[in-house]
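So the sequences go chain by chain: A and B. In this text, residue positions in the first sequence follow the numbering used here: the first is 2, and each later residue adds one. In this text, residue positions in the second sequence follow the numbering used here: the first is 2, and each later residue adds one. In this text, a Cβ means the ideal position worked out from N, Cα and C, and glycines have one as well. What follows is a single structure, written as structure tokens, with notes after it.
Number of protein chains: 2
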Amino acid sequence: MATRLEKARQDPDSMKARILSSARKKFGEYGYVATTTRMIAKDVGIDISTLYYHWGEKQDMYEAVIMDVTDEIRIKFQEIERKVTGKSVSIRLEIAIDVMCDYLFTHPEVSNLILFGYFNKDKQEVTLHNKMAEYVSVIAIAMGLAEDKQNITVQAKARIIAVWNSVLNFITGENFFRPMLDVEKKEYLAVVKETLKFILVPAFKK
Amino acid sequence: MATRLEKARQDPDSMKARILSSARKKFGEYGYVATTTRMIAKDVGIDISTLYYHWGEKQDMYEAVIMDVTDEIRIKFQEIERKVTGKSVSIRLEIAIDVMCDYLFTHPEVSNLILFGYFNKDKQEVTLHNKMAEYVSVIAIAMGLAEDKQNITVQAKARIIAVWNSVLNFITGENFFRPMLDVEKKEYLAVVKETLKFILVPAFKK
DNA sequence: GTTTTTATCCATCAATTGTTGGAAACAATT
DNA sequence: AATTGTTTCCAACAATTGATGGATAAAAAC
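Below you can see the structure in the form of structure tokens.
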């Protein structure tokens with residue numbers, strides 16, 4: 002049985018999918034509270050009632066967006082896993098940095114949505130939290146910081162989180178940092194990659 | 002001539018100062034849009050009109066909060082500068098990490114307010130931006146990554162930003178990461194410090 | 001071709017938002 | 001004591017919010 006989300010993804014031209022796409026864009030730009038259902042409806046080019054007809058509550062739409070992006074991230078992580086097998090830990094990190102930076106740089110709303118999730122105090126971001134916790138473990142193993150899923154130390158997890166976080170702020174904060182560095186968009190990406198490699202690689206080098 | 006902010010700080014029991022304090026708490030907890038002027042008034046225990054009598058527009062109050070925290074950060078950075086002179090770059094980093102983690106851990110709203118600033122696309126966060134740009138240069142020199150204020154390379158700035166960012170997400174995202182690591186508040190702080198040192202120190206060690 | 005289901009819009013709802021006017025209480029000055 | 005200025009609250013404002021009921025069109029099923 003296909004879920005509503007799967008159905009929407011099957012046909013990307015369906016109204017449900019178009020709404021989801023606009024919702025992802027707007028939620029990723031302004032966050033949950035600052036995004037109004039009318040903004041999303043306007044972006045799609047439909048009446049607000051039509052939006053509610055397809056998606057019901059705003060919260061449900063947000064949940065679907067989170068599932069959408071966490072799924073995309075999982076695929077990216079799998080891509081990294083595939084590329085790094087057999088390589089040294091330095092090379093692994095460099096590949097991971099390159100892939101994630103390229104992906105997030107072209108999809109900054111993903112970075113934003115994850116960072117927005119850090120602020121929530123209530124347990125509303127439970128989906129995002131569970132998925133990220135899972136991915137942290139997967140990456141810890143893929144990077145050679147742990148042997149099996151059952152025995153991942155607090156240190157190993159914390160280090161993966163630190164690496165992951167380093168990337169996010171540079172993406173979400175582009176409008177904040179790029180004027181400071183006074184570089185163009187393309188050069189900014191290069192500087193970010195170089196900086197992350199400079200910081201992260203020596204720590205994990207044996 | 003004393004500015005309104007300075008006046009409010011001179012007498013921390015003044016209504017203006019009490020409102021600023023609550024505003025800082027609430028803005029730091031929910032961000033600008035999600036914080037209502039009524040929430041702040043309620044936190045102070047006054048009518049909403051009284052709040053407007055003292056502060057005028059919501060935006061002005063937010064600006065005052067930002068000036069308040071950026072000023073506090075400047076003092077912390079000066080404290081670090083004082084403590085690290087003459088020390089090796091490794092020791093410098095360890096001191097900086099300890100001081101900033103201790104400070105932000107007890108004032109998480111500071112970390113939140115800065116991170117919230119990263120999201121803004123419009124030039125509304127101009128105060129925060131200017132202050133942070135200045136501090137990045139100051140720290141670059143204090144950490145020995147640059148000689149004088151005029152000649153700070155893009156790389157040096159980017160590295161300071163990376164270090165700075167690493168701290169923030171662990172603070173703001175405590176409710177997100179601590180359940181993942183399954184540690185108590187006190188141990189979390191220790192893990193964060195250790196992780197940051199593990200990641201950051203080797204990169205700058207000659 | 002008629003009926004039934006699906007999809008879209010218009011109008012509207014109650015609640016909440018930032019903000020203000022004006023009355024009353026309070027304090028300071030004369 | 002009377003007057004002036006300062007501070008506080010109550011009530012209300014227009015605008016915006018998430019959400020819905022109902023009319024209407026379009027498509028599907030019969």
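**Prompt:** Below 8 Å, can you find three or more Cβ-Cβ pairs linking the stretch 163–175 of chain B to the stretch 119–131 of chain A?
**Reply:** By the Cβ criterion, the stretch 163–175 of chain B is in contact with the stretch 119–131 of chain A, since at least three pairs of Cβ atoms, one from each stretch, lie closer than 8 Å.
**Item:** N-terminal and C-terminal residue of the alpha helix (DSSP H) that ASP103/A is part of
**Value:** As a working note, residue 103/A is residue 102 in the first sequence. 90–107 is the span of the alpha helix (DSSP H), which, as asked, contains ASP103/A.
**Prompt:** Does the stretch 155–167 of chain B come within contact of the stretch 83–91 of chain B, defined as at least 3 CB pairs closer than 8 Å?
**Reply:** Touching, no.
**Message:** Within 8 Å of any Cβ in chain A, is that where the Cβ of TYR119/B sits?
**Reply:** Taking the second sequence and counting its residues from 1, one reaches residue 119/B at position 118. With 8 Å as the cut-off, TYR119/B counts as an interface residue toward chain A.
**Message:** Is PRO203/B close to chain A? Criterion is C-beta to C-beta, closer than 8 Å.
**Reply:** Working through the second sequence from its first residue, we reach residue 203/B at position 202. Taking Cβ atoms only, chain A reaches closer than 8 Å to PRO203/B, which makes this a yes.
**Asked** Exposed or buried, which one is GLU188/A when buried takes at least 16 other CB atoms within 10 Å?
**Response** Residue mapping note: residue 188/A aligns to position 187 of the first sequence, counting from 1. By the neighbour-count definition (other C-beta atoms within 10 Å, threshold 16), GLU188/A is an exposed residue.
**THR128/B beta carbon less than 8 Å from that of THR196/B** = Here residue 196/B refers to the residue found at position 195 of the second sequence. Here residue 128/B refers to the residue found at position 127 of the second sequence. Taking 8 Å as the cut-off, the beta carbon of THR196/B is found no closer than this to the beta carbon of THR128/B.
**Asked** GLY57/A by DSSP, collapsed to three states: which one?
**Response** One-based indexing of the first sequence puts residue 57/A at position 56. Coil.
**Message:** Does any residue of chain A have a CB that is nearer than 8 Å to the CB of LEU197/B?
**Reply:** Locating residue 197/B in the second sequence gives position 196, counting from the first residue. So yes, LEU197/B belongs to the interface.
**Asked** Do you know whose CA, among MET68/B, ALA35/B, TYR31/B and ILE81/B, lies nearest LEU21/B's CA?
**Response** As a first step, residue 21/B is located in the second sequence; it is residue number 20 there, counting from the start. Looking at the Cα atoms, MET68/B is the closest of the given residues.
**Prompt:** Using a beta-carbon distance cut-off of less than 8 Å, what residues from the stretch 66–96 of chain B approach chain A?
**Reply:** Flagged: no residues at all.
**Item:** Own chain residues within Cβ distance below 8 Å of ARG5/A, not counting five before or after
**Value:** Sequence index remark: in the first sequence, residue 5/A carries index 4 (1-based). Here ARG5/A scores only 45 on pLDDT, less than 50, and its place in the model should not be relied on; the value that follows carries that caveat. Within the same chain, ARG5/A has close Cβ partners LYS17 and ALA65.
**Message:** With the cut-off set at 8 Å, would you say LEU114/B and PHE28/B are in Cβ contact?
**Reply:** As a working mapping, residue 114/B is identified with position 113 in the second sequence. As a working mapping, residue 28/B is identified with position 27 in the second sequence. PHE28/B sits close to LEU114/B, with the two beta carbons spaced by under 8 Å.
**Asked** When burial is assigned at 16 or more other CB atoms within 10 Å of the CB, is VAL34/A buried or exposed?
**Response** In the first sequence, residue 34/A corresponds to position 33, counting from 1. Per the 10 Å Cβ criterion, exposed.
**Request:** Using a threshold of 8 Å, state whether the C-beta atoms of LEU94/A and PHE205/A are closer than that.
**Result:** Within the first sequence, residue 94/A is the residue found at index 93, counting from 1. Within the first sequence, residue 205/A is the residue found at index 204, counting from 1. Against a cut-off of 8 Å, the Cβ pair of PHE205/A and LEU94/A comes out as a contact.
**Request:** Pull up the distance between the alpha-carbon of LYS150/A and that of ILE142/A, whole angstroms please.
**Result:** Residue mapping note: residue 150/A aligns to position 149 of the first sequence, counting from 1. Residue mapping note: residue 142/A aligns to position 141 of the first sequence, counting from 1. LYS150/A and ILE142/A: Cα-Cα distance of roughly 7 Å.
**Item:** Closer than 8 Å to chain B by CB, VAL192/A
**Value:** Sequence index remark: in the first sequence, residue 192/A carries index 191 (1-based). At least one beta carbon of chain B lies nearer than 8 Å to the beta carbon of VAL192/A.
**Beta carbon proximity, ALA163/A to chain B, threshold 8 Å** = Taking the first residue of the first sequence as 1, we reach residue 163/A at position 162. So yes, ALA163/A belongs to the interface.
**Item:** Same chain, Cβ closer than 7 Å to VAL184/A, five either side skipped, listed in chain order
**Value:** Along the first sequence, one-based indexing puts residue 184/A at 183. Contacts found: VAL192.
**Request:** Taking a Cβ distance cut-off of 8 Å, strictly less, list which residues of the stretch 161–186 of chain B are near chain A, in chain order.
**Result:** So the close ones are ILE162, ALA163, VAL164, ASN166, SER167, LEU169, ASN170, PHE171, THR173, GLY174, ASN176, PHE177, PHE178, PRO180, MET181, LEU182, ASP183 and VAL184.
**Message:** Taking its Cβ as the centre, do 16 or more other Cβ atoms sit within 10 Å of SER23/A, making it buried, or is it exposed?
**Reply:** One-based indexing of the first sequence puts residue 23/A at position 22. By the neighbour-count rule (16 or more Cβ atoms within 10 Å), SER23/A is buried.
**Prompt:** How many Å lie between MET144/B and TRP165/A at the Cα?
**Reply:** Position 143 of the second sequence, counting from 1, holds the residue named residue 144/B. Position 164 of the first sequence, counting from 1, holds the residue named residue 165/A. If you take the alpha carbons of MET144/B and TRP165/A, they lie about 24 Å apart.
**Asked** Under 8 Å Cβ-Cβ, which residues of chain A neighbour ASN113/B?
**Response** Taking the first residue of the second sequence as 1, we reach residue 113/B at position 112. Simply PHE120.
**Item:** Cβ-based contacts, 9 Å cut-off: residues of the stretch 28–55 of chain A near chain B
**Value:** Correct list: GLU30, TYR31, GLY32, TYR33, VAL34 and ALA35.
**Request:** Mind listing the chain B neighbours of LEU116/A? Cutoff is C-beta to C-beta under 9 Å, in chain order.
**Result:** Here residue 116/A corresponds to residue number 115 of the first sequence, with the count starting at 1. The contacting residues are LEU116, TYR119, PHE120, ASN170, THR173 and GLY174.
**Request:** Measure how close the beta-carbons of LYS84/A and ILE96/A come, nearest whole angstrom, since I'm counting them as under 8 Å.
**Result:** One-based indexing of the first sequence puts residue 84/A at position 83. One-based indexing of the first sequence puts residue 96/A at position 95. About 5 Å separates the beta carbons of LYS84/A and ILE96/A, which is inside the 8 Å limit, making them a contact pair.
**Prompt:** With a Cβ-Cβ cutoff of 8 Å, do ASP99/A and LYS186/A count as a contact?
**Reply:** If you number the first sequence from 1, residue 99/A lands on position 98. If you number the first sequence from 1, residue 186/A lands on position 185. The answer is no: Cβ separation not under 8 Å.
**Request:** Classify THR36/A as buried or exposed, calling it buried when 16 or more other Cβ atoms lie within 10 Å of its own Cβ.
**Result:** As a first step, residue 36/A is located in the first sequence; it is residue number 35 there, counting from the start. Burial call: buried.
**Prompt:** Can you list, in chain order, the residues of its chain whose CB lies under 8 Å from that of GLU148/A, leaving out five sequence neighbours each side?
**Reply:** Counted from its first residue, the first sequence places residue 148/A at position 147. Closer than 8 Å at the Cβ level, and outside the excluded window around GLU148/A, lie ILE142.
**Message:** Distance cutoff 8 Å, beta carbons only. Does LYS26/B sit that close to anything in chain A?
**Reply:** The residue given as residue 26/B occupies position 25 in the second sequence. Chain A contact via Cβ: absent.
**Prompt:** What is the DSSP secondary structure of GLU135/A, reduced to helix, strand or coil?
**Reply:** Residue 135/A sits at position 134 when you count from the first residue of the first sequence. Three-state DSSP puts GLU135/A in a helix.
**Message:** Please list, in chain order, the chain B residues whose beta carbon lies closer than 8 Å to that of ILE20/A.
**Reply:** If you number the first sequence from 1, residue 20/A lands on position 19. Against chain B, the beta carbon of ILE20/A has no neighbour under 8 Å; the closest one sits roughly 22 Å away.
**Request:** Kindly say whether ILE200/A, judged by its beta-carbon, lies nearer than 8 Å to any beta-carbon of chain B.
**Result:** Position 199 of the first sequence, counted from the start, is the residue given in the question as residue 200/A. Yes, ILE200/A lies at the interface with chain B (some Cβ there is under 8 Å from its Cβ).
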